[in-house]
Amino acid sequence: MKIDVLTLFPDWFDWFRRQRHVSNALALGHSLEAIDLRATTPLGAGQVDDTPYGGGAGMVIRVDVVAAALGARWRADPVEGRGSRRVIALAAGGRRFDDALADELAVEEEITLLCGRYEGFDERVHEQLATDVVSIGPYVLAGGELAAMVICDAVFRKLPGALGHESSPIEESFSAALGGAPEYPHYTRPAEWRGHGVPAVLLSGDHGRVHEWRIERSRRRAGEGL
Ligand SMILES: C[S@@+](CC[C@H](N)C(=O)[O-])C[C@H]1O[C@@H](n2cnc3c(N)ncnc32)[C@H](O)[C@@H]1O
33 MKIDVLTLFP
43 DWFDWFRRQR
53 HVSNALALGH
63 SLEAIDLRAT
73 TPLGAGQVDD
83 TPYGGGAGMV
93 IRVDVVAAAL
103 GARWRADPVE
113 GRGSRRVIAL
123 AAGGRRFDDA
133 LADELAVEEE
143 ITLLCGRYEG
153 FDERVHEQLA
163 TDVVSIGPYV
173 LAGGELAAMV
183 ICDAVFRKLP
193 GALGHESSPI
203 EESFSAALGG
213 APEYPHYTRP
223 AEWRGHGVPA
233 VLLSGDHGRV
243 HEWRIERSRR
253 RAGEGL
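For the sequence shown, the residue numbers in the working numbering are 33 to 258.
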């Protein structure tokens, strides 16, 4: 998988690329490149934004700036280029990112993430350059960089070999193995802490009963909305 992130802050991704499952994925041949939107701007002095038509506070990232960055990266027309890859504009009001979308993205060969700043992108970025507009939640961040990292984190950990323990991403919260429910509770040593014990079934050594208990607790959490 090849992930490109277009951002005004490419340095933010230096730290992210060093995190274990990300570096594992990169070592396996996947890629994550952070591309500076200012590097290819057709405007002077590194300008990428402009005042909004209709007035109002804040600046808007220009569509021609994003198009120039995509065109330079793909060496192709930026509108036609989205036909052969997933291009995701990050926006607070977009489609909510969830495990199903992470699964969908984990089988893509190429993904481009567009990180907004200021008031966000000119709407024509969403309409003409992106294939998807995605939000990581109903709140407003200062920029799309953390949202891009959230998506990359969730997607990379689904790639075979990115996590040390192969079975860990299978039976997890929201996975098909748990019917989309949150994961069951975990416990480890000590068996008793300040008078709080561990459910006896987990100490029983009976794997069948442990499995039943876990599924029941997972379903109960789903019912409780936890
Ligand atoms: C300050 S925000 C713009 C907020 C915008 N004016 C609004 O009211 O929705 C700047 C950028 O941060 C990113 N961003 C902010 N919140 C986000 C969220 N919840 N999910 C994904 N991206 C977000 C987007 O790329 C956005 O263009």
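Glycine is no exception: its CB is placed at the ideal position from the N, C-alpha and C atoms.
In terms of alpha-carbon separation, which member of the options lies closest to residue i?
{"i": "residue 206", "options": "164, 58, 143, 129", "result": "129"}
{"i": "residue 122", "options": "110, 251, 164", "result": "164"}
{"i": "residue 146", "options": "50, 250, 184", "result": "184"}
{"i": "residue 95", "options": "80, 76, 133", "result": "80"}
{"i": "residue 174", "options": "182, 154, 149, 159", "result": "149"}
{"i": "residue 211", "options": "247, 239, 186", "result": "247"}
{"i": "residue 78", "options": "250, 105, 87, 98", "result": "98"}
{"i": "residue 83", "options": "157, 215, 151, 111", "result": "151"}
{"i": "residue 127", "options": "169, 257, 47", "result": "169"}
{"i": "residue 218", "options": "226, 88, 231, 209", "result": "231"}
{"i": "residue 142", "options": "237, 250, 76, 115", "result": "115"}
{"i": "residue 105", "options": "235, 156, 36", "result": "36"}
{"i": "residue 51", "options": "182, 140, 236", "result": "182"}
{"i": "residue 70", "options": "256, 86, 90, 102", "result": "102"}
So what does residue i bridge to, in DSSP terms?
{"i": "residue 228", "result": "225"}
{"i": "residue 164", "result": "120"}
{"i": "residue 190", "result": "According to DSSP, which records beta bridges pairwise, residue 190 is partnered with nothing at all."}
{"i": "residue 63", "result": "34"}
{"i": "residue 92", "result": "82"}
{"i": "residue 142", "result": "34"}
{"i": "residue 129", "result": "BP columns for residue 129 are empty, so no partner."}
{"i": "residue 153", "result": "93"}
{"i": "residue 39", "result": "68"}
What separation, rounded to the nearest whole angstrom, lies between the Cα atoms of residue i and residue j?
{"i": "residue 203", "j": "residue 254", "result": "15 Å"}
{"i": "residue 68", "j": "residue 245", "result": "50 Å"}
{"i": "residue 109", "j": "residue 131", "result": "32 Å"}
{"i": "residue 72", "j": "residue 220", "result": "52 Å"}
{"i": "residue 45", "j": "residue 224", "result": "42 Å"}
{"i": "residue 41", "j": "residue 177", "result": "8 Å"}
{"i": "residue 229", "j": "residue 213", "result": "25 Å"}
{"i": "residue 100", "j": "residue 239", "result": "57 Å"}
{"i": "residue 252", "j": "residue 215", "result": "10 Å"}
{"i": "residue 138", "j": "residue 34", "result": "11 Å"}
{"i": "residue 113", "j": "residue 38", "result": "15 Å"}
{"i": "residue 153", "j": "residue 180", "result": "15 Å"}
{"i": "residue 242", "j": "residue 250", "result": "12 Å"}
{"i": "residue 66", "j": "residue 88", "result": "31 Å"}
{"i": "residue 111", "j": "residue 160", "result": "6 Å"}
{"i": "residue 56", "j": "residue 186", "result": "14 Å"}
{"i": "residue 76", "j": "residue 93", "result": "14 Å"}
{"i": "residue 48", "j": "residue 195", "result": "15 Å"}
{"i": "residue 171", "j": "residue 209", "result": "30 Å"}
{"i": "residue 54", "j": "residue 124", "result": "25 Å"}
{"i": "residue 135", "j": "residue 144", "result": "16 Å"}
{"i": "residue 156", "j": "residue 86", "result": "16 Å"}
{"i": "residue 140", "j": "residue 64", "result": "14 Å"}
{"i": "residue 234", "j": "residue 227", "result": "17 Å"}
{"i": "residue 91", "j": "residue 43", "result": "22 Å"}
{"i": "residue 257", "j": "residue 133", "result": "20 Å"}
{"i": "residue 222", "j": "residue 158", "result": "52 Å"}
Could you say if the segment 160–177 and the segment 105–125 meet the contact criterion of at least three C-beta pairs nearer than 8 Å?
yes
Report yes or no: do three or more beta-carbon pairs, one from the segment 54–73 and one from the segment 185–195, lie closer than 8 Å?
yes
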